[in-house]
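So the sequence shown is numbered by my numbering: it starts at 21 and just counts up by one. All C-beta atoms, glycine included, are put in the ideal place defined by N, C-alpha and C. Worksheet: the structure to be examined is printed underneath.
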Amino acid sequence: MELSIYYGFNFRFCNIATGNEKGHVERSVEFVRRKAFKIKECFDSISDANNHLLECCMQINSKPISNDTVPLEVFHQGKMYLNPRLPIFESCIALEYRVDKYSTIIISQNHYSVPDFLVGKMLLVKVYTDKIVIYHKNIIVAVHKRNYLNHSWNIQLKHYLKTLYKKPGDLHKSTALLQENTKIQNIFNKYYSKDAKTFLEVLEIIYERGVDDVADALIKLEKISPLDMSRDKVMAICDYASQTKCSTKKDYTDVLSKKSRASLSLYNNLANLQLERTV
21 MELSIYYGFN FRFCNIATGN EKGHVERSVE FVRRKAFKIK ECFDSISDAN NHLLECCMQI
81 NSKPISNDTV PLEVFHQGKM YLNPRLPIFE SCIALEYRVD KYSTIIISQN HYSVPDFLVG
141 KMLLVKVYTD KIVIYHKNII VAVHKRNYLN HSWNIQLKHY LKTLYKKPGD LHKSTALLQE
201 NTKIQNIFNK YYSKDAKTFL EVLEIIYERG VDDVADALIK LEKISPLDMS RDKVMAICDY
261 ASQTKCSTKK DYTDVLSKKS RASLSLYNNL ANLQLERTV
């Protein structure tokens with residue numbers, strides 16, 4: 021009912037396995053099937069079959085019917101009188117939740133983390149079948165995969181950076197770190213297990229540049245300066261790698277470059293001849 025009210029259409033349901041109640045639909049499908057697939061054809065994929073079906077439907081609708089009108093032309097004329105297109109109807113439950121002292125919201129007995137500066141605030145939450153999207157002042161602040169377990173904690177480490185900067189010692193074996201990406205855990209265990217504060221600074225680069233780029237930068241930095249894996253050095257190596265990827269070697273193949281090389285070649289030959297005479 022909500023879907024029909026949103027898009028403004030009426031609905032009528034037929035009984036299961038009762039083809040006589042929807043004869044027009046069944047006959048329409050049969051008609052298109054005979055026209056589009058009258059010859060046995062093989063397709064490499066469903067996409068190819070759909071493209072073939074679309075072409076056939078366009079051809080059918082381009083031909084005049086009994087009253088000499090062309091369905092495709094009538095369709096284009098009718099489009100001018102249609103209402104503006106509505107946004108996609110979101111199949112979700114929208115509710116408001118208050119953030120608890122653990123910087124989480126509780127949905128169906130499960131905890132989902134949000135940025136720690138939102139503790140005590142009311143947030144808009146859209147609950148889908150597969151994900152949880154959380155808004156603050158119409159801005160998405162957290163997205164979680166929906167969990168159907170009971171009393172589970174779904175924590176993202178980036179939501180607790182402000183708190184962890186004050187208490188970096190709590191990072192070791194925290195639930196937030198244990199649920200983080202395995203690559204990020206490996207970076208912490210290998211390089212920063214005794215320096216959690218620096219790890220939090222590097223973590224900001226990871227969320228900005230990606231864990232793979234930072235991991236590559238740390239491997240290079242370990243060879244250059246194994247005793248100092250600071251944020252600034254990691255950032256410098258990431259910036260250098262990014263510039264190297266973006267820079268392209270210019271191919272001097274234009275006419276002026278070719279003539280310049282030819283002239284330099286002549287001077288080089290003359291210089292070689294002069295050297296031979298001197299010898």
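query: What is the DSSP secondary structure of Ala-37, counted as helix, strand or coil?; result: coil
query: I'd like to know whether the C-beta atoms of Val-134 and His-179 end up nearer to each other than 7 Å.; result: yes
query: Between the stretch 96-108 and the stretch 70-80, are three or more C-beta pairs nearer than 8 Å?; result: no
query: Ala-237 and Ile-257: beta carbons closer than 7 Å?; result: yes
query: Counting only runs that start and end within the stretch 95-180, where is the beta strand (DSSP E) found for 3 or more residues in a row?; result: 113-118, 124-127, 130-133, 142-147, 151-156 and 159-165
query: Locate the alpha helix (DSSP H) running through Tyr-26, then write down its first and last residues.; result: 22-27
query: Taking 8 Å as the limit between beta carbons, can you name the residues of its chain near Ile-25, skipping five residues before and five after?; result: none
query: Taking only the alpha-carbon atoms, compute the straight-line gap between Asp-120 and Ile-127 and give it to the nearest angstrom.; result: 12 Å
query: Among Leu-143, Tyr-155 and Met-255, whose alpha-carbon lies nearest the alpha-carbon of Tyr-117?; result: Leu-143
query: Relative to the alpha-carbon of Glu-110, which residue among Gly-43, Tyr-27 and Val-139 has its alpha-carbon at the smallest distance?; result: Tyr-27
query: CA-CA distance, Ala-261 and Arg-54?; result: 59 Å
query: Closer than 8 Å by C-beta to Ser-123: which residues in its own chain qualify, once you throw out the five before and the five after it? Chain order, please.; result: Ser-133, Val-134, Pro-135, Asp-136, Leu-138, Val-139, His-179, Tyr-180 and Thr-183
query: Could you have a look at Gln-300 and say whether DSSP puts it in helix, strand or coil?; result: Coverage of the chain is limited to positions 21 through 299, which leaves residue 300 absent and any answer about it impossible.
query: Spatial neighbours of Leu-169 within its chain, please: CB distance less than 7 Å, with the 5 preceding and 5 following residues excluded, ordered by chain position.; result: Asn-130
query: Return the chain-ordered list of same chain residues with a C-beta closer than 7 Å to the C-beta of Asn-174, the five sequence neighbours on each side being excluded.; result: Asn-130, His-131, Tyr-132, Ser-133, His-164 and Asn-167
query: Out of Asp-232, Leu-247 and Lys-279, which has the shortest C-alpha to C-alpha gap to Asn-201?; result: Asp-232
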